[in-house]
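Okay, structure first, notes after.
Protein chains in written order, with the working numbering: chain A, 29 to 139; chain B, 56 to 167.
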């Protein structure tokens, strides 16, 4: 089954404790992206990757890092999480310039 | 970053009614997409529009890509309870970043 898989689905952690949210897709998509969803703000892009080893900032990249060492994986790294990064995060993937497929989301709470 | 304009934030309709949602932008897009998000899940693609003026249907859903390339609408006919959810429009301008620019979404409630 074609899918985008995020882990964990839920995480409560504390300020400053490094965390990684994994994203994996099995559709051989070149393009992958991370979004955060906040009430009243919709979905905003954090980082994206056009292909392996090619990443770039989206609209709200501060406080986040990504890597794209393999085509199927695109982890989101919070080196020193802060409470304002409490949010619902979505990973998405697609073939270039095609509609994106979304994962089921990761709800992060940073205390 | 730019966002698309979707309003109102919430809509309440009776089961069986039709509903129409608009999305506007100050910039042009090459592609317009409509997604639906159910609670606890990620957005799911409903309809993709690739050409100005294009009118596309998917079951009870119909969407159009505005001629100016700056707007789109989604119609849902004969609504049913499972239509409840958040409806997002998204614009896509093909280029270096395949980024989607999202509207803030409309929460649809359907009264049985």
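Ideal Cβ positions, reconstructed from N, Cα and C, are used throughout, including at glycine. Treat the numbers as computed from the prediction; the structure is a model and nothing was measured.
Where the beta strand (DSSP E) through residue i begins and ends
i: residue 40/A; result: 38-41
i: residue 75/A; result: 70-79
i: residue 66/B; result: 65-69
i: residue 134/A; result: 134-138
i: residue 103/B; result: 99-104
i: residue 139/B; result: First-last for residue 139/B: undefined, no H or E at that position.
i: residue 35/A; result: 32-35
i: residue 79/B; result: 74-79
i: residue 117/A; result: 115-122
i: residue 48/A; result: 47-53
i: residue 66/A; result: 59-66
i: residue 164/B; result: 161-166
i: residue 135/B; result: Here residue 135/B belongs to no beta strand (DSSP E), and DSSP marks it neither H nor E.
i: residue 112/B; result: 110-113
i: residue 59/B; result: From DSSP, residue 59/B is part of no beta strand (DSSP E); its letter is neither H nor E.
Beta-carbon neighbours of residue i, restricted to chain A and to distances below 9 angstroms
i: residue 149/B; result: 124, 125
i: residue 103/B; result: 126, 127
Residue environment, residue i, which counts as buried when at least 16 other CB atoms sit within 10 Å
i: residue 104/B; result: buried
i: residue 49/A; result: buried
i: residue 136/A; result: buried
i: residue 36/A; result: exposed
i: residue 88/A; result: buried
i: residue 40/A; result: exposed
i: residue 102/B; result: buried
i: residue 123/B; result: exposed
i: residue 127/B; result: buried
i: residue 139/A; result: exposed
i: residue 110/B; result: exposed
i: residue 64/A; result: buried
i: residue 109/A; result: buried
i: residue 114/B; result: exposed
i: residue 133/A; result: buried
Listed by chain order, chain B residues near residue i by CB distance under 9 angstroms
i: residue 130/A; result: 90, 92, 96, 97, 98, 99, 100
i: residue 118/A; result: 97, 98
Neighbouring residues, chain A, relative to residue i (Cβ below 7 angstroms)
i: residue 160/B; result: 70
Proximal residues of chain B, C-beta to C-beta of residue i below 8 angstroms
i: residue 133/A; result: 95, 96, 97
beta-carbon residue i near the ligand FAD non-hydrogen atom, thresh 8 angstroms
i: residue 109/B; result: Among the components modelled here there is no ligand, and therefore nothing to report on the ligand FAD.
TODO: Using a Cβ-Cβ cut-off of less than 9 angstroms, list which residues of the segment 118-146 of chain B approach chain A; keep chain order.
DONE: 143, 145
Open item on the list: Taking 8 angstroms as the cut-off, does the segment 69-87 of chain A touch the segment 155-162 of chain B (at least 3 CB pairs, one atom from each stretch)?
Closed with: yes
- [ ] Determine contact between the segment 44-62 of chain A and the segment 117-132 of chain A, defined as no fewer than three beta-carbon pairs at a distance below 8 angstroms.
- [x] yes
Task: Stretch-stretch touch, CB-based, cutoff 8 angstroms, three pairs: the segment 124-138 of chain B with the segment 64-75 of chain B - done: yes
- [ ] Evaluate contact between the segment 79-90 of chain A and the segment 94-108 of chain B, counting only Cβ atoms and requiring at least three cross-stretch pairs below 8 angstroms.
- [x] no
Task: Segment contact flag, the segment 89-107 of chain A with the segment 60-68 of chain B, C-beta cutoff 8 angstroms, min 3 pairs - done: no
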